[in-house]
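Residue numbers (the numbering used here): 526 to 1008.
Below is one structure, written out as structure tokens; comments come after it.
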Ligand code: NAD
């Protein structure tokens, strides 16, 4: 019987029992409590670790070809549960339902892509210059502790689970406490696909009761986290004590540079679509706009028209184009950032406040700020909401310097028709990913990764599986040589 409320999974047993008080899960579109999430603590962690050891012994010895078959079955299960997953995502975090179904499809594709990588996981054999043979063998790093956020509550854990399982690792996943039912259904998909007990386990609840115990455990050899730079930095420091591998997909504050030769109306329409997608709660969302002064007005007019056309409301309604913010704390932060920018001289062209919600909920109006000075906090602090900060430039060298003037380095965008300019912008923008004339940076077949304070390690593409592998070198000489 599929779960309709959040559960944890330890070994192959689902449960809700805990001595810790449960946490309420709130529907952000209405502000109403949906259900409670059972909170796991150090005892649950200890039990999960014991099962993970047994699971690792079985799964790491399973041939890559067989692991691939199971990964493909997980993809099939996700597709079979697409409607349940889509509804759970929309209800728990407030994204418009049609996009939630798309997230289920993309999560399934992650497992299919990584199944192929499991089938192609070979070592190398080469002659040693000292005689004999060198065997280089990929080995799974071991037990992985994975922590995923609420903004893409299915595809982000899938980006961790798929390469880890393909490599032969086992995973203890803590989904966000805001999206625990999505994590539960994902666990059910893994179980239904036939994974042995202890290979994927789900611990639910408050991070402080789970992550320190997991990260301190010697048996956990890898930590994979997606979330803010603040928390990522803390988990990296904790992981250092037992010298664990880490992958950190952290915050972003993406610049967009509009060159005067760009297709300005097309760029403005596309930019509005991506800026307000998921209510701006996307790590790669464009948030600092550097517009050439000759085309700034034309861009702003089209961008404002698109922003005014956004229809906020119930994420399950087909008419809705933007849902609520996932939590009320984000509303306070956005209001603070907007009013501080205005106090420093920015002009508020649209929005700037909490929106009237027809049925309650945490809605923030699509917001456009113009002439935002570089000193405004919103130019350095990630807004993670539906706020676009526009500013102009006259010299491209100066625009690139301003775009790079942040600790973040996840995504950057530029719009131009000049091939020379495309090459220059790709080379000079300091970020892990650059979109030229588009915003489509998330590909299964290419790395998704940040530089500077935006992260460490790679998710996506052929390199992603290496994050979960250690390469062992064995030098074999047929005879012991004379000393
Ligand atoms: P957050 O770091 O506060 O929380 C993210 C997740 O981490 C949540 O599930 C939270 O419960 C959990 N968490 C918090 N403290 C933890 C701890 N001590 N141990 C383990 N887990 C812990 O961030 P947020 O504000 O909720 O999420 C948005 C942030 O995530 C933004 O900065 C955004 O850019 C970033 N993000 C990055 C990517 C990427 O791929 N680079 C993708 C999505 C979101």
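Glycine is no exception: its CB is placed at the ideal position from the N, C-alpha and C atoms.
- Between residue 564 and the set 743, 849 and 733, the nearest pair of CA atoms involves 733.
- The C-beta of residue 647 has fewer than 16 other C-beta atoms within 10 Å across all chains shown, which makes the residue exposed.
- Distances between the C-beta of residue 676 and the heavy atoms of the ligand NAD include at least one below 7 Å.
- The residues 985 and 986, in chain order, have a CB closer than 8 Å to that of residue 971 in the same chain once the five nearest residues on each side in sequence are set aside.
- Taking non-hydrogen atoms of the ligand NAD into account, the C-beta of residue 564 is found less than 7 Å away from none of them.
- Going by C-alpha positions, residue 917 is about 32 Å away from residue 852.
- By the CB criterion at 8 Å, residue 716 and residue 537 fall inside the cutoff.
- Using a Cβ distance threshold of 8 Å, residue 718 and residue 599 count as a contacting pair.
- Per DSSP, reduced to three states, the secondary structure at residue 713 is helical.
- Just so you know, the alpha carbons of residue 828 and residue 911 end up roughly 13 Å apart.
- Per DSSP, residue 638 is not a residue of any beta strand (DSSP E); the alpha helix (DSSP H) it occupies stretches across 622–644.
- Annotation for residue 875: the continuous beta strand (DSSP E) segment containing it runs 872–875.
- Within the stretch 928–1008, the complete beta strand (DSSP E) segments at least 3 residues long are 936–940, 958–961 and 994–1001, listed from N- to C-terminus.
- With a cutoff of 7 Å, residue 881 does not count as near the ligand NAD, since its C-beta is closer than that to no heavy atom of the ligand.
- DSSP, read as helix, strand or coil, puts residue 853 in helix.
- Judged by their CB atoms, residue 803 and residue 620 are nearer to each other than the 8 Å cut-off.
- Collapsing the DSSP output to three states places residue 746 in a strand.
- Here the C-alpha atom of residue 629 lies approximately 40 Å from the C-alpha atom of residue 660.
- Residue 695 sits close to residue 584, with the two beta carbons spaced by under 8 Å.
- Between residue 742 and residue 900, the alpha-carbon positions lie close to 43 Å from each other.
- Of the residues 640, 651 and 699, the one whose Cα lies closest to the Cα of residue 669 is 699.
- The DSSP-derived three-state label of residue 835 is coil.
- Looking at the DSSP output, residue 561 shares a beta bridge with 549.
- If you keep only unbroken beta strand (DSSP E) runs of at least 3 residues inside the stretch 654–741, you get 658–665, 668–672, 695–699 and 725–727.
- Residue 891 carries a coil assignment under DSSP once its states are collapsed to helix, strand and coil.
- With contacts defined by Cβ atoms closer than 8 Å, residue 777 and residue 907 form a contacting pair.
- Look at residue 699: its beta carbon is less than 7 Å from one of the heavy atoms in the ligand NAD.
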